[in-house]
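Notes for the one structure printed next.
Residue numbers (the UniProt record's numbering): 1 to 214.
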């Protein structure tokens, strides 16, 4: 399950975002070379401002790469990734814990304990409302298929693997557990930190949803 499907490969290779990420990395590389050259010529020159600017550029590039990868992995399977992106940004900002399953090619019904049928068009407002703390459906996972929120409060299988991350919460273990069994992409938002991550093919990736995926 480590390989990327051909349709996704094409989506990634021809995405304008790929070129943007590459250009950002090339600019960072040039800046690093300039810092190294400056340090060799004048070690007394304070470069803290340059380091601060470099950090901001890294953060911007990370956000851009997050947009690129999520669009790459999701665009072939849902036209609502822009709505999904807005929901993730808002959930992360508010530190509302969330667990969101997006079905891709593989069926997932046999791997989850079904929750409550929603059967509604995916909008960021509806998705955010499901994960408001204390709401009836906020526990468990939302299941998205195509452009629909199919169900909520689903229970996912927990990973049985030993992972190096300390204090891995139930949502993260559930996201990893499902992604080990099928090709679904599972988005996790931590209620403690607001950090967003996604699991795919049994791996967990932190990301920074700072701009719309679309």
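We put the CB at the ideal spot given by N, CA and C, even for glycine. Remember, it's a predicted structure, so these values are computed and weren't measured experimentally.
> Does DSSP put residue 3 in a helix, in a strand, or in coil?
Replying inline: Its pLDDT being 45, under 50, residue 3 is placed unreliably in this model, and the value from its coordinates should be taken loosely. Coil, per DSSP.
>> Checking 8 Å against the spacing of the C-beta atoms, do residue 209 and residue 197 come in under that value?
In response: no
> Using the beta-carbon count (16 or more within 10 Å), is residue 184 buried or exposed?
Replying inline: buried
>> So, with DSSP's three-state summary, where would you put residue 130?
In response: helix
> Does the distance from the CB of residue 174 to the CB of residue 125 come in under 8 Å?
Replying inline: no
> Less than 7 Å between the CB of residue 196 and some heavy atom of the ligand SAM, yes or no?
Replying inline: What this structure holds is no ligand at all, so the ligand SAM is not there to describe.
> Out of curiosity, what's the CA-to-CA distance linking residue 168 and residue 43?
Replying inline: 43 Å
> Quick one: is residue 93 buried, meaning 16 or more other Cβ sit within 10 Å of its Cβ, or exposed?
Replying inline: exposed
> residue 78: buried (16+ other C-beta within 10 angstroms of its C-beta) or exposed?
Replying inline: buried
> Buried or exposed: which applies to residue 29, given that a residue is buried once 16 or more other Cβ atoms fall within 10 Å of its Cβ?
Replying inline: exposed
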